[in-house]
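Enquirer:
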Amino acid sequence: MEYHEPVMLDESVEGLNIRPEGIYVDVTFGGGGHSREILSCLGEKGKLIGFDQDPDAAKNAPHDERFFLVQANFRFLSRYLRYLGVEKVDGILADLGVSSHQIDLPEKGFSHRFSGPLDMRMNSGVKQTAESLLKECDKRELQEVFSKYGEVRNSKTLAERIVKARDTMPLKTTADFVEMIGDLVRGPRSRYLSMVFQALRIAVNEELKALEEVLEQSGAHLKVGGRLSVISYHSLEDRIVKNFIRSGNTSGRIDKDEYGVVQTPFKKVTKKPITPTAGEIQRNPRSRSAKLRIAERL
Ligand SMILES: C[S@@+](CC[C@H](N)C(=O)[O-])C[C@H]1O[C@@H](n2cnc3c(N)ncnc32)[C@H](O)[C@@H]1O
Numbered sequence: 117m118e119y120h121e122p123v124m125l126d127e128s129v130e131g132l133n134i135r136p137e138g139i140y141v142d143v144t145f146g147g148g149g150h151s152r153e154i155l156s157c158l159g160e161k162g163k164l165i166g167f168d169q170d171p172d173a174a175k176n177a178p179h180d181e182r183f184f185l186v187q188a189n190f191r192f193l194s195r196y197l198r199y200l201g202v203e204k205v206d207g208i209l210a211d212l213g214v215s216s217h218q219i220d221l222p223e224k225g226f227s228h229r230f231s232g233p234l235d236m237r238m239n240s241g242v243k244q245t246a247e248s249l250l251k252e253c254d255k256r257e258l259q260e261v262f263s264k265y266g267e268v269r270n271s272k273t274l275a276e277r278i279v280k281a282r283d284t285m286p287l288k289t290t291a292d293f294v295e296m297i298g299d300l301v302r303g304p305r306s307r308y309l310s311m312v313f314q315a316l317r318i319a320v321n322e323e324l325k326a327l328e329e330v331l332e333q334s335g336a337h338l339k340v341g342g343r344l345s346v347i348s349y350h351s352l353e354d355r356i357v358k359n360f361i362r363s364g365n366t367s368g369r370i371d372k373d374e375y376g377v378v379q380t381p382f383k384k385v386t387k388k389p390i391t392p393t394a395g396e397i398q399r400n401p402r403s404r405s406a407k408l409r410i411a412e413r414l
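The sequence shown runs 117 to 414 under the working numbering.
1. Taking a contact to mean a Cβ-Cβ separation below 9 Å, would you say Phe190 touches Val143 in this structure?
2. Classify Tyr196 as helix, strand or coil using the three-state DSSP reduction.
3. Just the C-alpha distance for Ile202 and Ala336, rounded to the nearest angstrom, thanks.
4. With burial defined as no fewer than 16 other Cβ atoms inside 10 Å of the residue's Cβ, what is the status of Asp354: buried or exposed?
5. Ignore the nearest five residues each way along the sequence and tell me which others in Leu164's own chain have a CB closer than 7 Å to its CB.
6. Quick check: does the Cβ of Met238 come within less than 8 Å of any heavy atom belonging to ligand 1?
7. What are the boundary residues of the beta strand (DSSP E) that Asp206 is part of?
8. Do you know how far the Cα of Tyr265 is from the Cα of Asn365?
9. Under DSSP, the beta strand (DSSP E) around Arg409 begins and ends at which residues?
10. Quick check on DSSP: helix, strand or coil for Arg191?
11. Using a Cβ-Cβ cut-off of 6 Å (strictly less than) and excluding sequence neighbours within five positions of Ser216, which residues of its own chain qualify?
12. How about Glu60: is its Cβ closer than 8 Å to a heavy atom in ligand 1?
13. When the Cβ atoms of the region 121 to 132 are set against those of the region 343 to 357, are three or more pairs found closer than 8 Å?
14. Considering only C-alpha positions, which residue in the set Pro381, Ala319, Ala406 is nearest to Asp235?
15. For Pro389, collect the residues of the same chain with a Cβ closer than 8 Å to its Cβ; drop the 5 residues on either side in sequence, then sort them by chain order.
16. Look at the alpha carbon of Phe230 and the alpha carbon of Phe360, and state the distance between them as a whole number of angstroms.
17. Compute the distance between the beta-carbons of Pro392 and Leu414, then report whether it is under 9 Å.
18. With a threshold of 8 Å on Cβ separation, who are the neighbours of Leu300 within its own chain once the five nearest residues in sequence on each side are excluded?
19. Would the C-beta of Val385 count as close to ligand 1, meaning under 8 Å from any of its heavy atoms?
20. Based on Cα-Cα distance, which residue from Ser128, Glu118, Val123 lies nearest to Val385?
21. Just to confirm, does Arg191 get its C-beta within under 8 Å of one of the non-hydrogen atoms of ligand 1?
22. I'd like to check one pair, Ser240 with Pro420: are the Cβ atoms closer than 9 Å?
This is the structure:
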């Protein structure tokens, strides 16, 4: 089975406006589709640093002297660049979320379509799993996870059910969890369960926090004229990326000059986000929710 089919490959890599001698970072290496495309645009002296927190990604690392893979969360971007002696880079690419490899492996527990352990960690070295989260969070915390990260309409009822049933019903596998909440499904079953699973995954991996942290660090490392190319897959991620490009921070603060013009260290390269073509969506349905935003460091 293919590890992952890269999404908006040409558009996102073209967005980096690659200089053959430049230094680039792919913070979501995965199957390496975007990385291989970046390497094909680089000259002999170019460099590419990849990040992935999932150890499985390492097997996809190209044997190429210009490439180095960091097996870590991208929230530690600054720390690892410092360790590698790199201060400024010419471009950073992020293709957020999980890979097809991760979704399709039952033992990772990301999908309600397979029975597997309630794990959902991209990095199996961290402590919190979906199981521990479901067993340890109180009702209010669970409700917040489902409403904030999954926009699940009956999140309060769902949280109440989990808290009530978790001491008496088995809760070790994705099938146990689906069984526990099955009759609370509202609307199309697959969509409802996808949103519930998405919420848990985002919480387990602290995905939005990590995204904010890497964006905040990216500004300090991009050279003037350097590019940021980010593909997101749901509105929570896209909102963070959009606001960051607009303001240069993730706190929601908007700085304006005396004429009321917003001050930002980035220029939007495309006004609106780029979305996959109908052909790409047909070929790779998992690309359908993708949005690509490209910005240039001023
Ligand atoms: C959508 S896939 C990227 C696919 C890749 N662009 C390709 O062409 O194969 C996202 C990858 O990023 C990794 N990832 C997600 N969040 C991460 C984070 N905070 N730190 C490091 N890696 C992360 C996942 O483990 C996954 O392998």
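All C-beta atoms, glycine included, are put in the ideal place defined by N, C-alpha and C.
Expert: Quick look at the numbers:
1. At the C-beta level, Phe190 and Val143 come within 9 Å of one another.
2. If DSSP states are grouped into helix, strand and coil, Tyr196 belongs with the helices.
3. Here residue 202 turns out to be Val, not Ile, going by the sequence shown. Near 12 Å, if we compare the C-alpha coordinates of Ala336 and Val202.
4. Buried, by the Cβ-count rule.
5. Within the same chain, Tyr140, Asp142, Ser151, Ile154, Leu155, Leu158, Arg182, Phe183 come within 7 Å of Leu164 by CB-CB distance, once the 5 residues on both sides are set aside.
6. Answer for Met238: yes, Cβ within range of ligand 1.
7. Element bounds for Asp206: 205 to 211.
8. CA-to-CA, the gap between Asn365 and Tyr265 works out to about 21 Å.
9. For Arg409, the uninterrupted beta strand (DSSP E) segment begins and ends at 407 to 413.
10. DSSP places Arg191 in helix when its eight states are reduced to three.
11. Here the set comprises His120.
12. Residue 60 is absent from the structure shown; the chain starts at 117 and stops at 414.
13. Yes: at least three Cβ pairs fall under 8 Å.
14. Closest option to Asp235, judged by alpha-carbon separation, among Pro381, Ala319, Ala406: Ala319.
15. Correct list, in chain order: Asp354, Lys358, Lys407, Leu408, Arg409.
16. When rounded, the distance between both Cα atoms is 36 Å.
17. No; because the gap between Cβ atoms is not below 9 Å, this pair is not in contact.
18. Asn270, Thr273, Leu274, Arg277, listed in sequence order.
19. Because no heavy atom of ligand 1 lies under 8 Å away, the Cβ of Val385 does not count as near it: no.
20. With respect to the C-alpha of Val385, the residue from Ser128, Glu118, Val123 having the closest C-alpha is Ser128.
21. Answer for Arg191: yes, Cβ within range of ligand 1.
22. Coverage of the chain is limited to positions 117 through 414, which leaves residue 420 absent and any answer about it impossible.
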